[in-house]
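For reference, the structure discussed in these notes is given below.
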Amino acid sequence: MPEFGNAAKALSDAPDIVVFTGAGISAESGIPTYGDQLTGIWAPYDPRNMETAKAFRENPPLVWGWYLWRRQQVSKAAPNAAHLAVSRLAKSGYKISVITQNIDDLHERAGSVDVLHLHGSLSTPKCFACHRTAEIPPSHVISLIGGEVEPPRCVRCNGKLRPGVVWYGEDLPSDVWKSAIASVKSCDVLISVGTSGIVTPAADIPRTALSYGATVIHVNTEDVSTGAVNELMLIGKATEVLKRLCALLPSRE
């Protein structure tokens with residue numbers, strides 16, 4: 001396919017590359033996307049109803065238990081070939097910045113550094129009252145099927161810890177967003193992997209890159225391109241597409 005050749009040429013010539021990832025890249029590691037139906041004890045619940053500050057106020061043990069269960073599911077998952085391809089590209093001498101909508105740590109476990117998490121992270125809870133970041137106590141484990149768990153307390157104000165993720169109705173962390181947009185505006189190529197282009201303001205990232213003259217390479221199982229002249233669309237699974245694409249690139253070491 002000529003698209004792969006064109007994408008490889010754009011990347012091999014690019015001084016500055018941004019990789020922007022969404023749920024599609026982690027789905028291949030077995031982590032459910034937002035559109036997937038919950039199973040087991042969580043089957044009766046709609047995830048969207050547990051991803052709000054209102055839900056946490058009304059039932060902290062339910063929301064904390066659900067996120068603790070999700071964190072446990074992530075800990076059992078492994079980075080896949082797509083995560084590893086991004087990391088290896090950086091290690092072979094390419095200047096790579098990683099921006100993700102995902103709240104897992106698969107990029108970090110694959111070896112990527114300084115990952116910008118637009119929607120927060122399951123690994124870094126914070127106080128619901130004073131917003132101080134904290135660590136999850138080692139004692140806070142949950143059964144494989146999940147269940148309600150009383151949240152631990154903040155060591156500073158004794159408030160309840162909440163998941164360190166962005167809930168519906170909340171703004172993205174301003175410092176993370178500013179860093180992400182600065183990287184996008186200055187990049188030469190942006191690879192958008194497994195993103196729906198629906199959730200804003202993160203959906204603005206490919207459009208911003210295009211408007212600043214970057215080449216945008218979309219990697220998705222369906223065509224999500226907008227028809228811009230500086231767009232390339234690589235259709236397929238992230239693991240297969242990125243592995244094939246990176247194999248075409250020369251090392252810069």
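The numbering of the sequence shown is the UniProt record's numbering, which starts it at 1 and goes up by one.
Even for Gly, the Cβ is constructed at its ideal location relative to N, Cα and C.
Small disclaimer: the values here were computed from a predicted structure and weren't measured.
query	result
Are the beta-carbon atoms belonging to LEU122 and ARG71 less than 8 angstroms from one another?	yes
With a 10 Å radius around its C-beta and 16 neighbouring C-beta atoms as the bar for buried, classify THR195 as buried or exposed.	buried
Going along the chain, which residues of its own chain have a beta-carbon closer than 6 angstroms to the beta-carbon of ALA203, five neighbours each way excluded?	GLY197
Can ALA110 and VAL74 be called in contact, C-beta distance under 8 angstroms?	no
In whole angstroms, what is the alpha-carbon distance linking VAL98 and SER112?	8 angstroms
Check the C-beta distance from GLU3 over to LEU172 and give it rounded, since I have them as a contact under 8 angstroms.	That belief does not hold up - the Cβ atoms of GLU3 and LEU172 are roughly 31 angstroms apart, past 8 angstroms.
With distances taken Cα to Cα, identify the nearest neighbour of VAL149 among ALA53, LEU62, ALA43, SER29.	LEU62
Beta-carbon within less than 7 angstroms of TYR67's beta-carbon, same chain only, minus the 5 sequence neighbours each way: which residues are those?	LEU122, PRO163
What residues in its chain sit with their C-beta under 6 angstroms from that of ALA14, if we drop five residues either side in the sequence?	ASP188, VAL189
In the structure shown, what three-state DSSP assignment does LEU161 receive?	strand
Give every residue of the same chain whose Cβ lies closer than 6 angstroms to the Cβ of LEU84, excluding the five residues on either side of it in the sequence, and list them in chain order.	ALA110
Could you compute how far the alpha carbon of ASN6 sits from the alpha carbon of ALA214?	14 angstroms
Going by Cα to Cα distance, which pick from GLU135, LEU210, ILE96 is closest to ASN230?	LEU210
Are the Cβ atoms of ASP147 and ARG153 separated by less than 8 angstroms?	For the record, residue 147 in the displayed sequence is Gly; it is not Asp. No, the Cβ-Cβ distance between GLY147 and ARG153 is not below 8 angstroms.
What whole-angstrom Cβ distance do VAL184 and LEU242 have, given they're in contact under 8 angstroms?	In fact, because the Cβ distance is near 19 angstroms, the residues do not count as touching under 8 angstroms.
Who are the near neighbours of PRO250 in its chain, counting only those whose CB is closer than 7 angstroms to its CB and skipping five residues on each side?	SER12
Taking PHE56 as part of the alpha helix (DSSP H), name the residues at either end of that continuous run.	53 to 58
Measuring alpha carbon to alpha carbon, tell me which of GLY227, GLY169, VAL199, PRO201 ends up nearest ALA55.	GLY169
Using CA coordinates, which residue listed in VAL18, SER174, HIS131, LYS237 is at the minimum distance from LEU89?	VAL18
Are ALA10 and ILE217 touching if we call contact CB-CB under 8 angstroms?	yes
Within the same chain, show all residues whose beta-carbon is closer than 7 angstroms to that of TRP167, passing over the 5 residues directly before and after it, in chain order.	GLU51, THR52, ALA53
Contact defined as beta carbons within less than 8 angstroms: I believe THR208 pairs with ILE191. What is the distance between those atoms, to the nearest angstrom?	Wrong, their Cβ atoms sit about 14 angstroms apart, outside the cutoff.
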